[in-house]
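This note's numbering runs 4 ahead of the 1-based position in the sequence shown. Shown next, in structure tokens, is the structure this report addresses.
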Amino acid sequence: MRCLAPHPAGSYLSEPQGSSQCATMELGPLEGSYLELLNSDADPLCLYHIYDQMDLAGEEEIELYSEPDTDTINCDQFSRLLCDMEGDEETREAYANIAELDQYVFQDSQLEGLSKDIFKHIGPDEVIGDSMEMPAEVGQKSQKRPFPEELPADLKHWKPAEPPAVVTGSFLVGPVSNSSTLPCLPLPTLFNQEPASGRMRLEETNQMPMPSSSSSLSCLNLPEGPIQFVPTVSTVPQGLWQISGTGTGVSSIFIYHGEVPQASQVPPPSGLTVHGLPSSPDRPGSTSPFAPSATDLPSMPEPALISRANVTEHKTSPTQRQAAGEVSNKLPKWPESVEQFYRSLQDTYRAEPTGPDGILMEVDLVQARLERSSSKSLERELATPDWAERQLAQGGLAEGLLAAKEHRRPRDTQVIAMLGKAGQGKSYWAGAVSRAWACGRLPQYDFVFSVPCHCLNRPGDVYRLQDLLFSLGPRPLVAADEVFSHIVKRPDRILLILDAFEELEAQDGFLHSTCGPALAEPCSLRGLLAGLFQKKLLRGCTLLLTARPRGRLVQSLSKADALFELSGFSMEQAQAYVMRYFECSGMTEHQDRALALLRDRPFLLSHSHSPTLCQAVCQLSEALLELGEDAELPSTLTGLYVGLLGRAALNGPPGALAELAKLAWELGRRHQSTLQENQFPSADVRTWAMAKGLVQHPPGATESELAFPSFLLQCFLGALWLALSGEIKDKELPQYLALTPRKKRPYDNWLEGVPRFLTGLIFQPRARCLGALVGPSATAFADRKQKVLARYLKRLQPGTLRARQLLELLHCAHEAEEAGIWQHVVQELPARLSFLGTRLTPPDAHVLGKALEAAGQDFTLDLRSTGIDPSGLGSLVGLSCVTHFRAALSDTVALWESLRQHGETELLQAAEEKFTIEPFKAKSLKDVEDLGKLVQTQRTRSSSEDTAGELPAVRDLKKLEFALGPISGPQAFPKLVRILTAFSSLQHLDLDALSENKIGDEGVSQLSATFPQLKSLETLNLSQNSITDLGAYKLAEGLPSLAASLLRLSLYNNCICDMGAESLARVLPDMVSLRVMDVQYNKFTAAGAQQLAASLRKCPHVETLAMWTPTIPFSVQEHLQQQDSRISLR
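Okay, structure coming up:
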């Protein structure tokens, strides 16, 4: 590698003079700023040549030659140079100055942080052994190296390339401090194949094991003859260096960093192939920003680097690049301690969960994004795409992570977030990621560390990065310092999983902290997290977070490199899970019966899209089937959890369940789900809760730390405390339903399941609800609370609630199972229900359908941007009380196709008759394409023998807006024109957009050709579309086809001049139905205005002609208005 050494004052430095031989000249000391050193005539390469001259006894002057066969560097001199670099304080200070010079000069954005990242971790004893990383982005943007035939004929110091010449003696690379005591041992043969003639070859050598303390040492005994020196240093990026000097007779030494060719991979006769060699912007082939170009180096002519190399560039697939990276990372072999840690870590994550907890179902990963909940709110929430618009992560888990890694910025920490509601299986998924790595399905990572975030919620503790990686995971890991050093050298090969990210809300200050800790500095967890997320610790690693899609911390994830949403079970997957559960439980004889019990409760079946609730249903079914054949599941979530906890509560210590419920509520108010053993009121309560599975030791927690097994169980216990407690005032109870949030000090509803469980516990019969849990004597306050909540719910007006609150009210009324409350809610539903932009889950669709059926009136539903699944959409559309509905075009067309394939003719006919798109606004290219699919469906339907007539959605469309903007507008408009004639009832065509569609003259010409088929068109808005005189002429030609129907024509803010105004004036008398015409803000002058005014006098039917424009003198406009008052100048 190239070294730059300082020179003393008065030293002699060679300077090229344009010939093969360089004369010597005396240079004075370079004093002053670094800029003077930069602007001096000193050749950077000569900084280490002059050092060799000073130590040669008996010689006062040495001539340096640019000839590659005479200008070489002696290896002993190189070793002494390294020794003095380490031992001389003045030398180290000079090198520090050079580093500051590097920071001063190389500030180009393309090379930002390059040299610092390369040399940051390299010490004097790690010249070769330590890792050096070059950002891939720099390598991609670097200039392409020219081939020899492309070089200019007068290239400075150009000489024909020569093969690498002979090395005599020994070449030593290693720690310089004890180089005098290191033995020089021979190495074994690296290639077993005989080299071809004319090819560089390596003679046989021998190798003996070295002490572990000198693992970075490579000592070669090289006999005479041509050589190829290939050190097995895979941690250094592929590169090619040439070291030359005087005193050894060495022409040049090539040191090639990369993969060691095997016996079947010996380089071809043409020479070395260099892939992706990063270079400085103006120095092709250099791997350092310090490197001068080849034309500036007397001993390194440019062709010598490339004339023997086939420099090839090709594209590889991610899998091929990954495979290549995997091979390169196996060379050299890791130290034994690292290998042992690697194997133990794999064994830790490879263990599969046993029993029902080990049932893993493959669910879809959906690409997600966060958006503002409203224009007035800064809070972000998960965007809700339509079902057909969901972008699934193709290829599953491994390919999804690999694709995300391919798009990462070089040397930058990548943040990937997995979002999902409580109970969706995020923690199971995080465990599946770890197992996938342990089984070899994520080879892009050397190490994976999975840390539950509840282990990090310890504000008072002090930790280091080692503690985060090794001590806070599910199982503490034993790792030596050598392992940690190996890990931090390759952070881009590290995957760190932080499960349940929302648990870190107590540490939320780290996201906005001004600085992070140093690598080895102990600090609080907040500082440690700040270093990770601010990319100061393990910079370049991959952070994988799992979190709920709400809360303060989730708001910061909008800028994550990749966002995914974990979708729950489909209906088929839920039923398959039930079968697998009873198979793992050894109760295969009850599989069919359990599945029948679930199908008899559609509400619970819809909730089974949540893995946690699906497991709870299986647990209750198992307990009921053990009691007898007459078992049946409850019809509410409250009944489900009462059934699960009933027997456990009756067998516990007195008041134990109420005490546990109080703990759950207090933790929920603090946004926590873990508790300490000393928080229990007594040891008996703690022992009982642990024995019944109501609390358990979470993975990675201390012995004194406990947690509830599921978030929904904590919500149920919190609601139980509200129902039993006398500490809650009656007037405060309605706020916990979160239906009408208060403006001052609102309830944050972190325990989002509390409102439904609370109404269920309060209103369901005492004997099978509260009484079954705590006994009749403990329900003294329940009657009074029931009256308070009943009065509050019956005063609510469902028509005034927003869509999300309306759905929550329906769920609460369903859980209450109280006829009066249910009838009040469903009878007050408005006839037009819009859920636009509100996510509809399977339970939402079920309870909404039940309410619509019970209301006894007709409804119109707007289900756009709700993400409703096809089964839910079909169930709502099939209701007789739903007369019209709107949904995403793509979802509706897919539903029709599914019904047609399954032969459900009646439901298909109802879905086609009820669907409407009035009015329709195309805001994207996909909207236009979906509209085209709808028209194609109608044409296919019309050509079929068993159906006849037009689709009502196409036939009845009256208003169509086109607002795609200046980029997509011109591309999508021709597609719209091709289907426009299918809308025979179209009355309003609006082509105006705030950002201007710019369909231009070509678009107007295409549109005019459709006028004869648009017999009902009354309003045509062509404002802000860059229409010129040519477009106005084409429009005037087609307007007579609309003479009998067109009432309003707008050409506001276009580029129409006098010729265009003349064309419009000529056709104006023929437009017998036209009432309003707007040509304001165009380019015509007084002449064009006078022509329009003269034509207006022939049109008594026209009521208004708006034609103010800055190109017409105001006096002329006033004069024209005085002549005809129908001319508007506003």
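Even for Gly, the Cβ is constructed at its ideal location relative to N, Cα and C.
Fill in: Where H701 sits in the DSSP three-state scheme
Coil, per DSSP.
Worksheet item: Does the distance from the C-beta atom of A387 to that of F568 stay below 7 Å?
Response: Not a contact, by the Cβ cut-off of 7 Å.
Item to complete: Thinking R890 and T920 are a contact (beta carbons under 8 Å), I'd like their distance in whole angstroms, please.
Response: Taking a contact as a CB-CB distance under 8 Å, the pair R890 and T920 counts as one, their CB atoms being some 6 Å apart.
Worksheet item: With respect to the alpha helix (DSSP H) encompassing P606, which residues constitute its N-terminal and C-terminal limits?
Response: Residue range 606-611 is occupied by the alpha helix (DSSP H) that includes P606.
Worksheet item: What separation, rounded to the nearest whole angstrom, lies between the Cα atoms of Y740 and H675?
Response: The alpha-carbon atoms of Y740 and H675 are separated by roughly 15 Å.
Worksheet item: What's the call for P282, buried or exposed, on a 16-neighbour Cβ count within 10 Å?
Response: Below a pLDDT of 50, predicted positions are generally treated as unreliable, and P282, at 39, falls in that range; no measurement from the model is reported.
Practice prompt. Grab me the residues of V452's own chain with a C-beta within less than 6 Å of its C-beta, minus the 5 sequence neighbours each way, in chain order.
Written response: Excluding residues within five positions, the ones whose Cβ falls inside 6 Å are S438, W441, L499.
Fill in: Identity of the residue in R982, S999, A727 nearest R788 by Cα
Of the candidates R982, S999, A727, A727 places its Cα closest to the Cα of R788.
Fill in: First and last residue of the uninterrupted alpha helix (DSSP H) at P847
Here the alpha helix (DSSP H) through P847 covers 846-859.
Item to complete: State the Cα-Cα distance for the pair F607 and R772, rounded to the nearest angstrom.
Response: Rounded to the nearest angstrom, the two C-alpha atoms are 19 Å apart.
Worksheet item: Ends of the alpha helix (DSSP H) at Q768?
Response: Premise fails: Q768 is in no alpha helix (DSSP H) and is neither H nor E.
Worksheet item: How should V699 be labelled, buried or exposed, when 16 other C-beta atoms within 10 angstroms of its C-beta is the threshold for buried?
Response: By the Cβ-count criterion, V699 is buried, with 16 or more other Cβ atoms from all chains shown falling within 10 Å of its own Cβ.
Worksheet item: Would I1060 be called buried (16 or more neighbouring beta carbons within 10 Å of its own) or exposed?
Response: For I1060, the number of other beta carbons within 10 angstroms of its own is at least 16, and it is reported as buried.
Item to complete: Report the rounded CA-to-CA distance for T1115 versus Q991, giving the unit in angstroms.
Response: In a straight line, the C-alpha of T1115 is about 33 Å away from that of Q991.
Worksheet item: Bridge partners of P454, per DSSP?
Response: It should be noted that the sequence gives Ser, not Pro, for residue 454. Note: S454 is bridge-paired with I501 in the DSSP secondary-structure output.
Discussion item. Rounded to whole angstroms, what is the Cα-Cα separation between G764 and S988?
Written reply: The straight-line gap separating the alpha-carbon atoms of G764 and S988 is approximately 53 Å.
Worksheet item: Can you tell me the Cα-Cα spacing of E356 and K430, whole angstroms?
Response: C-alpha separation (whole angstroms): 16 Å.
Worksheet item: Can you name, in chain order, every residue of its own chain whose Cβ lies under 6 Å from the Cβ of E965, other than the five neighbours on each side?
Response: Around E965: K925, D994.
Worksheet item: Between which two residues does the alpha helix (DSSP H) harbouring A436 extend?
Response: That run of the alpha helix (DSSP H) goes 430-442.
Item to complete: Report yes if the C-beta distance between L1078 and A1097 is below 7 Å; otherwise report no.
Response: In this structure, A1097 does not lie closer than 7 Å to L1078 by Cβ.
Fill in: Same chain, Cβ closer than 6 Å to L473, neighbours up to 5 away in sequence not counted
Within the same chain, and ignoring the five residues on either side of L473 in sequence, the residues whose Cβ sits closer than 6 Å to its Cβ are F453.
Worksheet entry | Contact the region 1015-1031 vs the region 1044-1053: 3+ CB pairs below 8 Å | Enough Cβ pairs lie closer than 8 Å, so yes.
Worksheet item: Count the other CB atoms within 10 Å of the CB of F977; is the residue buried (16 or more) or exposed (fewer)?
Response: Burial of F977 is indicated by the presence of at least 16 other C-beta atoms within 10 angstroms of its C-beta.
Worksheet entry | 6 Å Cβ shell around K937 - same chain, five flanking residues per side excluded | So the list reads V897, once near-sequence residues are dropped.
Discussion item. On the CB-based measure, 16 or more other CB atoms within 10 Å of its CB, does P612 come out buried or exposed?
Written reply: In the sequence on display, residue 612 carries Ser and not Pro. Taking all protein chains shown into account, S612 has 16 or more neighbouring C-beta atoms within 10 Å of its C-beta and is therefore buried.
Discussion item. Under DSSP, the beta strand (DSSP E) around V1080 begins and ends at which residues?
Written reply: Where V1080 is concerned, the enclosing beta strand (DSSP E) stretches over 1080-1082.
Worksheet entry | Cut-off 8 Å between Cβ atoms - residues of its own chain near K337, not counting five sequence neighbours on either side | These residues qualify, in order along the chain: E343.
Worksheet item: Going by other Cβ atoms of all chains shown within 10 Å of its Cβ, with 16 needed for buried, is S625 buried or exposed?
Response: The residue in question, S625, is buried, as its Cβ has 16 or more Cβ neighbours within 10 Å.
Fill in: G555 versus S1099, W754, Q1094, residue with shortest Cα-Cα distance
The candidate whose alpha carbon is nearest that of G555 is W754.
Discussion item. Can you tell me where the alpha helix (DSSP H) holding A892 begins and where it ends?
Written reply: Here A892 belongs to no alpha helix (DSSP H), and DSSP marks it neither H nor E.
Discussion item. By alpha-carbon positions, which one of T358, L481, I420 ends up nearest to S341?
Written reply: Closest option to S341, Cα to Cα, is L481.
Practice prompt. Indicate the three-state DSSP secondary structure (helix, strand or coil) for R788 in the structure shown.
Written response: Here R788 sits in helix by DSSP.
Worksheet entry | Where the alpha helix (DSSP H) containing D485 begins and where it ends | Membership of D485 in the alpha helix (DSSP H) is indicated by the continuous run 485-493.
Worksheet item: Okay, do the region 415-434 and the region 536-546 touch, 3+ Cβ pairs below 8 Å being the bar?
Response: Touching, yes.
Worksheet entry | The alpha helix (DSSP H) enclosing T870, as first and last residue numbers | Element bounds for T870: n/a, residue is neither H nor E.
Worksheet item: Whole-angstrom Cβ separation of T691 and H458, contact assumed at under 8 Å?
Response: Between H458 and T691 the Cβ distance is about 22 Å, and since that is not below 8 Å, they are no contact.
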